[in-house]
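Structure, as structure tokens:
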Amino acid sequence: MKNQILLDDALLLVEQNFYFLHLGEFFGTLSKKEKLVNKNLNIKRNFNKSQSYSFNPDIIKELLSDAKIVKTEEITLFEYFVEFNAFRGICMAMVEALRLESPFKNFMQMRLGKQLEDFFDIVSFVRNVLSHNIHAQNMLSEKDFAGTLKRIRRRQRETNIFFDFLYMRDLPEIKPPDMSYGFVCNIDFESLKEGMPFLDIISHWELMMLSELCFNLVITFKMHNENSV
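Here it is in structure tokens:
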């Protein structure tokens, strides 16, 4: 019963973070295109009859003004925090879900097969980097990958991970936009060094695709569960 509650919470967090990513991207794009600085920026959050908190309109105005001068294809501070907090939340929740012996783990084993270990190593790596990192450039720390590398070696697996996911082959329930929709993620854990830029190891696009895959796997698992009832 306890494991089921933990699993439900973890899977829900994957979904919620993916929704947050989408809505955050919408507002990020909106802030670049619309003159939001002309809106009423006095925002108050009421907690109860005697407690409230007022947000600083000057800070909001500054961030909105910065967004207007950023090119559409460039990332704003708001978008950065939305995306990387969502990536971290999704991967953190997925790691917790896969640590539980559950029908979800059985489903993942069935769908990913031999690639499940590689998938787990990748989401663990992303979770570690984005949970530990305090650098604006997201530089690697040894603790981000040392534990994963030890686990790979202990299980006598290949340290150069090559995760290849194709929706039409591996998750056809999620109707992809085209036959070749999917992604490849290659990380050589043996070659990782402290101070390496995180986005040189796994690209921004791969993080988006990995997050989407986590969400789609959860949705497909729940869909199968509902159909079996």
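Sequential numbering from 1 applies to the sequence shown in this note's numbering. Just so you know, even glycine gets a beta-carbon here, dropped at the ideal spot from N, CA and C. Keep in mind that this is a model prediction, so the values were computed, not measured.
Three-state secondary structure (DSSP) of residue i
| i | result |
| --- | --- |
| arginine 99 | coil |
| asparagine 42 | coil |
| leucine 166 | strand |
| serine 31 | helix |
| arginine 155 | coil |
| aspartate 8 | helix |
| threonine 148 | helix |
| glutamate 190 | helix |
Identity of the residues DSSP links to residue i by a beta bridge
| i | result |
| --- | --- |
| methionine 139 | Pro197 |
| valine 184 | Asp164 |
| tyrosine 53 | Arg45 |
Nonlocal neighbours in the same chain, by C-beta distance under 8 Å from residue i, ignoring five residues either side
| i | result |
| --- | --- |
| isoleucine 122 | Ile161, Phe163, Cys185, Ile187, Ile202 and Leu210 |
| glutamate 101 | Asn3 |
| histidine 22 | none |
| histidine 132 | Ser141, Lys143 and Asp144 |
Closest residue to residue i among the options (Cα-Cα distance)
| i | options | result |
| --- | --- | --- |
| asparagine 38 | Met1, Phe84, Leu64 and Phe78 | Leu64 |
| asparagine 85 | Asn106, Asp200, Leu6 and Val14 | Val14 |
| proline 172 | Glu194, Lys150, Leu213 and Asp144 | Leu213 |
| asparagine 225 | Pro103, Glu83 and Arg151 | Pro103 |
| glycine 89 | Ile174, Met196, Tyr19 and Ile219 | Tyr19 |
Other residues of its chain near residue i: CB distance less than 7 Å, five sequence neighbours each side excluded
| i | result |
| --- | --- |
| glycine 182 | Phe165, Leu166 and Tyr167 |
| phenylalanine 87 | Val126, Leu130, Leu207 and Ser211 |
Chain B within 8 Å of residue i, Cβ atoms only
| i | result |
| --- | --- |
| isoleucine 202 | No chain B is present in this structure, which holds just one protein chain. |
Beta-carbon separation (whole angstroms), residue i vs residue j, contact threshold 8 Å
| i | j | result |
| --- | --- | --- |
| leucine 140 | valine 129 | 7 Å |
| leucine 149 | phenylalanine 189 | 5 Å |
| lysine 32 | threonine 72 | 6 Å |
| glutamate 117 | arginine 157 | 6 Å |
Own chain residues within Cβ distance below 6 Å of residue i, not counting five before or after
| i | result |
| --- | --- |
| arginine 45 | Tyr53 |
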